[in-house]
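Enquirer:
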Amino acid sequence: MNRHISALSARGETISLLAPAKINLALHVTGRRDDGYHLLESLVAFAGFGDRIEITPAVQDRFTVTGPFARAVPTDATNLVIRARDALRARFPAKARPVVIVLEKRLPIASGIGGGSSDAAAALIGLNRLWALDLDMESLCEIGLSLGADLPMCLHGQQSGLPLLARGIGEALHSVSRFPSLPIVLANDGTGLSTPRVFQALSRRDNPPLPSPPDFSTIETVCAYLRQTRNDLYAASLTLAPALAGLLDLFAQAGARFTQMSGSGATCFAVFQDNAAAAQAAAFLKARHPHWFVVATETRSASE
Ligand code: ATP
1 MNRHISALSA
11 RGETISLLAP
21 AKINLALHVT
31 GRRDDGYHLL
41 ESLVAFAGFG
51 DRIEITPAVQ
61 DRFTVTGPFA
71 RAVPTDATNL
81 VIRARDALRA
91 RFPAKARPVV
101 IVLEKRLPIA
111 SGIGGGSSDA
121 AAALIGLNRL
131 WALDLDMESL
141 CEIGLSLGAD
151 LPMCLHGQQS
161 GLPLLARGIG
171 EALHSVSRFP
181 SLPIVLANDG
191 TGLSTPRVFQ
201 ALSRRDNPPL
211 PSPPDFSTIE
221 TVCAYLRQTR
231 NDLYAASLTL
241 APALAGLLDL
251 FAQAGARFTQ
261 MSGSGATCFA
271 VFQDNAAAAQ
281 AAAFLKARHP
291 HWFVVATETR
301 SASE
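Residues in the sequence shown are numbered consecutively from 1, following full-length UniProt numbering.
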């Protein structure tokens, strides 16, 4: 069974998929093209925690959103899951029978961990299977790109489980085949940040590239590498959400080996030595801030 299929679980004909949080472990903004697109270099990993999507054949299409962040997402045709379904159906109308899709929204919205893109990638992978379209990764990425720049990244990440080095405008992707699973905590104080607004607030767009990646054999080698990297969006996000600095301080107090903001924020992550330390840190944050989004999880690794 290939990794693509094993990442799915089929109960009868219902397909269940995890749409994992995308974590930018490092994000450098290295330039800007004449057409306005920013050039980025990012080391991206995918969490064992995310939204969940269930797809079941039906006599009529239906789309339901459940979960703690359901009220913050659209349930109409603008939801990226529905846009993904409709984009596939437009290309394969004869095979695209009606489906009931249930999205359990467990990731906060507009929070730098790519929830919408990950949902759309999971929908493409699930419907490709359910409708027996047999599309390869290249074709899925081409369709995905019409929905968002981060879709190819999420498709690759969900298929392989591997972290990626992303360059250009996010289209040049290289899997990192040797990488440990990182015990992490994700936290967000409820702030949503608009990605375009963060990019507008950037003061510098010509930062140095990522350092060459070493052999990522242990959590320590990963953290040592990450300490030489940056999230070049952090300063801009901080001007829009000053509370970010306090969140990173709390992680440090909780014993994190490395902390950083993901994407354009405001979700931050911290790497811990082991799962017990991550769970303890999550409990520490939750006790102080019961209403925050706080999750202890692990980044996925190739062997899963
Ligand atoms: P990124 O990390 O790529 O910047 P993000 O985590 O900041 O993404 P999302 O949570 O994907 O942002 O949401 C961005 C916008 O997409 C929101 O304004 C939201 O209304 C819209 N959206 C459409 N469909 C979804 C979905 N399934 N989940 C989340 N947001 C969605």
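Quick reminder that beta carbons are idealized off the backbone N, C-alpha and C, glycines included.
Classify F251 as helix, strand or coil using the three-state DSSP reduction.
Expert: helix
Enquirer: Just to confirm, is the Cβ distance from M153 to G114 under 9 Å?
Expert: yes
Enquirer: With DSSP as the reference, label Q221 as helix, strand or coil.
Expert: Note that residue 221 is Thr in the sequence shown, not Gln. Helix.
Enquirer: What is the DSSP secondary structure of L18, reduced to helix, strand or coil?
Expert: strand
Enquirer: Quick one: Cα of A110 to Cα of R178, how far?
Expert: 30 Å
Enquirer: When every heavy atom of the ligand ATP is checked, does at least one fall within less than 8 Å of the C-beta of K286?
Expert: no
Enquirer: Taking the runs of the alpha helix (DSSP H) that are 4 residues or longer, which of them lie wholly in the stretch 117-200?
Expert: Look at the stretch 117-200 and you find these whole runs of alpha helix (DSSP H), each 4 residues long or longer: 137-145, 151-160, 195-200.
Enquirer: Return the first residue and the last residue of the beta strand (DSSP E) that R52 is part of.
Expert: 38-57
Enquirer: Whole angstroms is fine: what's the gap from L240's alpha carbon to R205's?
Expert: 18 Å
Enquirer: Have a look at the DSSP bridge pairing and note the partners of L260.
Expert: Looking at the sequence itself, residue 260 is Gln, so the reference to Leu does not match. Partner(s): F269.
Enquirer: Taking 8 Å as the cut-off, is the beta-carbon of G148 closer than that to any non-hydrogen atom of the ligand ATP?
Expert: yes
Enquirer: Rounded to the nearest angstrom, what separates A172 and L164 at their Cα positions?
Expert: 10 Å
Enquirer: Are at least three pairs of beta-carbons, each pair with one atom in the stretch 69-79 and one in the stretch 96-110, less than 8 Å apart?
Expert: yes
Enquirer: Which of the three DSSP states is assigned to R62 in this structure?
Expert: Taken through DSSP and simplified to helix, strand or coil, R62 comes out as strand.
Enquirer: I want to know whether the stretch 19-27 touches the stretch 35-53 - three or more CB-CB distances under 8 Å.
Expert: yes
Enquirer: When the Cα atoms are used, what is the spatial distance from F251 to A58?
Expert: Distance from the CA atom of F251 to the CA atom of A58, rounded to whole angstroms, is 46 Å.
Enquirer: Between residue 348 and the ligand ATP, is there a pair consisting of the residue's CB and a ligand heavy atom that are separated by less than 8 Å?
Expert: In the structure displayed, the chain extends from 1 to 304; residue 348 sits before or after that span and is not available.
Enquirer: Kindly indicate which residue of H289, F272, F199, Q280 has the alpha-carbon position closest to the one of G36.
Expert: Comparing Cα-Cα distances from G36 to each of H289, F272, F199, Q280, the minimum goes to F199.
Enquirer: Identify the residues that DSSP records as bridge partners of G31: which are they?
Expert: L39
Enquirer: Look up L238 in the DSSP assignment and say whether it is helix, strand or coil.
Expert: Secondary structure of L238 (DSSP, three-state): helix.
Enquirer: Distance check for L238 and F284, CA to CA, integer angstroms please.
Expert: 23 Å
Enquirer: Kindly examine the ligand ATP and report whether one of its heavy atoms sits closer than 8 Å to the Cβ of N231.
Expert: Relative to the ligand ATP, the beta carbon of N231 is positioned no closer than 8 Å to any heavy atom.
Enquirer: Taking 8 Å as the cut-off, does the CB of S237 come closer than this to any heavy atom belonging to the ligand ATP?
Expert: no
Enquirer: Do the stretch 119-127 and the stretch 139-146 touch if we need at least three Cβ pairs shorter than 8 Å?
Expert: yes
Enquirer: Measuring only the C-alpha atoms, how far is S303 from Q158?
Expert: Note that S303 scores 48 on pLDDT, short of 50, meaning its location in the model is unreliable and no value can be drawn from it.
Enquirer: Looking only at C-alpha atoms, which of P74, R230, L135 sits nearest to P211?
Expert: With distances taken between CA atoms, P211 lies nearest to R230 out of P74, R230, L135.
Enquirer: Please state if the CB of H291 and the CB of G190 are separated by a distance shorter than 9 Å.
Expert: yes
Enquirer: P242: beta carbon under 8 Å from a heavy atom of the ligand ATP?
Expert: no
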